[in-house]
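Chains as they are written, first to last, in my numbering: chain A, 1 to 381; chain B, 1001 to 1134. To keep things clear, I will list the structure first and then write my remarks on it.
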């Protein structure tokens, strides 16, 4: 269904009459997307780590919107359908030449350049959602793909996610420039048109007869169908155990003996070789005597090597096992730890509520589980 | 109040108070240490000195018991890693000095850390007597 002149009918419209081009579903989609993309951009580029939750929720929102838009591209009203703005390449070239010569406003729906941008935006947003989900599952062991994505693919996915997000920013700028340009050329405020849905019908760009068919009732049906598929899938997937975490049986001896002087450092925070050295040097342990009787010591040793960082695929375990070679016993001396905490003022660690760098649990409320999730960080006053 | 009652109350107090004090000071752990010390009388005063004195034989970061346990046994202390330590005084932490293994373990560790050697039974007895009187 190409919008060629033969299928366009004037009916009884006056030339300047406004007709509905963007149905209510397209408009709601568009402005919700603007809101959610802005949220992900702010939380992704500017906000601190513990805003991750909001970033992720906005991302899930975008995913739902995209699913809706993809469906609506087939069952929506005429100008919402992909078929109505799938232009051949030569038409695009012709359009660009016309724009350069200052001519615009021939299209009631998307013009060929705008249409290309719509497809590109949808594609890049889909790729962002997917790379974000893999990154979240692989690196943070959270979300719908936590059970499937391993750490390395998570890291890679997030690198792609970063590049795509910058690409998206560029595309948004181009999209806005295109809207301004076409608004000027066609002497019609296209931003307002996306609010009211209405554009001027003029000779040469008359509404397609199909455009008047009321199909808005299909929107809630599409939404309900998406909900029926996504809801159970989300529930099912997020309830699967994350691939990066081991089901660790707590060892009360370890928890009490290694938790007397400091937070009992989670076994996943150091490699086996480091734990072995810690355990064989307890009588001079960081300037203190922390000696244990033989049985207790070997019980704790066994527990720590059973669950040392090699056995986990979490971000903390993957990164913290690269210990500082001169200080292999200190988690806080590892390059990763230092890099992640370099922005924290030394005085912050001296606060009464914290005490020292090694008091992980003061800032990482989930330190006991070894997860060290971004959104569980809260620096006490 | 009738005269009779006052006499009765005084009698009761004179009986019960020493009894309760004796109960507070007697603990199986202290008795055991007393045996090891050869029956010397422990002194809360010497325990207090041990608690607050500065030593040079141990680790440089912790010259005194008060480095971690705080200036007064009534106060909450703090480890070098920032974790809170419940007060050492029995009046504040009644559950203290009831687990012989725990007491032995911490005397061994903390005396080595602070004094650079294990504490003698007399030192341990003095320390516990002081804390039980607090």
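Positions of the beta carbon are idealized from the N, C-alpha and C atoms, including for glycine.
Mark residue i as exposed unless 16 or more other C-beta atoms lie within 10 angstroms of its C-beta, in which case mark it buried.
| i | result |
| --- | --- |
| residue 1069 of chain B | buried |
| residue 204 of chain A | exposed |
| residue 102 of chain A | exposed |
| residue 274 of chain A | buried |
| residue 239 of chain A | exposed |
| residue 1021 of chain B | Interpretation of residue 1021 of chain B is limited by its pLDDT of 46, a score under 50 that renders its predicted location unreliable; the figure taken from the coordinates is listed afterwards. Residue 1021 of chain B should be labelled exposed. |
| residue 29 of chain A | buried |
| residue 3 of chain A | Note that residue 3 of chain A scores a pLDDT of 46, beneath 50, so its modelled location is shaky and nothing firm can be said. |
| residue 80 of chain A | buried |
| residue 75 of chain A | exposed |
| residue 1114 of chain B | buried |
| residue 182 of chain A | buried |
| residue 1042 of chain B | buried |
| residue 372 of chain A | buried |
| residue 367 of chain A | buried |
| residue 1124 of chain B | buried |
| residue 115 of chain A | buried |
| residue 191 of chain A | exposed |
| residue 1024 of chain B | For residue 1024 of chain B, the pLDDT reaches just 48, beneath the cut-off of 50, and the residue's location in the model is therefore unreliable, although a value from the coordinates is still provided. Per the 10 Å Cβ criterion, exposed. |
| residue 1126 of chain B | buried |
| residue 323 of chain A | buried |
| residue 24 of chain A | exposed |
| residue 331 of chain A | buried |
| residue 1033 of chain B | buried |
| residue 1094 of chain B | exposed |
| residue 277 of chain A | exposed |
| residue 46 of chain A | exposed |
| residue 342 of chain A | exposed |
| residue 1051 of chain B | buried |
| residue 234 of chain A | exposed |
| residue 159 of chain A | exposed |
| residue 1040 of chain B | exposed |
Using only the heavy atoms of the ligand ZN, determine whether one of them is closer than 7 Å to the beta carbon of residue i.
| i | result |
| --- | --- |
| residue 61 of chain A | Among the components of this structure there are no ligands whatsoever, and the ligand ZN is therefore not found. |
Tell me the residue span of the beta strand (DSSP E) that contains residue i.
| i | result |
| --- | --- |
| residue 20 of chain A | 18-20 |
| residue 1112 of chain B | Not the beta strand (DSSP E): residue 1112 of chain B falls in the alpha helix (DSSP H), residues 1100-1115. |
| residue 249 of chain A | First-last for residue 249 of chain A: undefined, no H or E at that position. |
| residue 198 of chain A | 198-200 |
Give me whichever residues DSSP pairs with residue i in a beta bridge.
| i | result |
| --- | --- |
| residue 1077 of chain B | B:1085 |
| residue 364 of chain A | A:377 |
| residue 288 of chain A | A:285 |
| residue 205 of chain A | A:202 |
Got a sec, what are the start and stop residues for the alpha helix (DSSP H) residue i sits in?
| i | result |
| --- | --- |
| residue 1048 of chain B | 1044-1052 |
| residue 306 of chain A | 294-306 |
| residue 171 of chain A | 151-186 |
| residue 236 of chain A | 218-238 |
| residue 1034 of chain B | 1028-1036 |
| residue 127 of chain A | 112-139 |
| residue 1134 of chain B | Unbroken run through residue 1134 of chain B: none, as it is neither H nor E. |
| residue 1069 of chain B | 1066-1069 |
| residue 144 of chain A | Here residue 144 of chain A belongs to no alpha helix (DSSP H), and DSSP marks it neither H nor E. |
| residue 416 of chain A | Nothing in the structure corresponds to residue 416 of chain A, since chain A is present only between 1 and 381. |
| residue 320 of chain A | 315-320 |
| residue 278 of chain A | 272-280 |
| residue 336 of chain A | 335-341 |
| residue 1094 of chain B | Unbroken run through residue 1094 of chain B: none, as it is neither H nor E. |
| residue 346 of chain A | 346-349 |
ask   = When the Cβ atoms of the region 129-145 of chain A are set against those of the region 235-253 of chain A, are three or more pairs found closer than 8 Å?
value = yes
Given 8 Å, three or more beta-carbon pairs between the region 258-276 of chain A and the region 350-362 of chain A = yes
inquiry  = Closer than 8 Å is the cut-off here; do at least three beta carbon pairs connect the region 71-89 of chain A with the region 107-114 of chain A?
reply    = yes
task = Answer yes if the region 189-208 of chain A comes into contact with the region 146-164 of chain A, meaning at least three C-beta pairs across the two stretches below 8 Å, and no otherwise.
result = no
ask   = Quick one: any contact between the region 53-72 of chain A and the region 128-136 of chain A, if contact means 3 or more CB pairs under 8 Å?
value = yes
key: Complete alpha helix (DSSP H) runs within the region 23-58 of chain A (minimum length 4 residues, chain order)   = 24-41
query = Is the number of C-beta pairs between the region 1121-1130 of chain B and the region 1034-1050 of chain B that are closer than 8 Å three or more?
reply = yes
key: At least 3 beta-carbon pairs within less than 8 Å: the region 1095-1111 of chain B vs the region 289-304 of chain A   = yes
ask   = Can at least three beta-carbon pairs, one atom from the region 1026-1035 of chain B and one from the region 1097-1105 of chain B, be found at a separation below 8 Å?
value = yes
inquiry  = Within 8 Å, do at least three Cβ pairs link the region 214-223 of chain A to the region 249-257 of chain A?
reply    = no
query = With contact counted as at least three CB pairs below 8 Å, one residue from each stretch, are the region 117-125 of chain A and the region 161-169 of chain A in contact?
reply = yes
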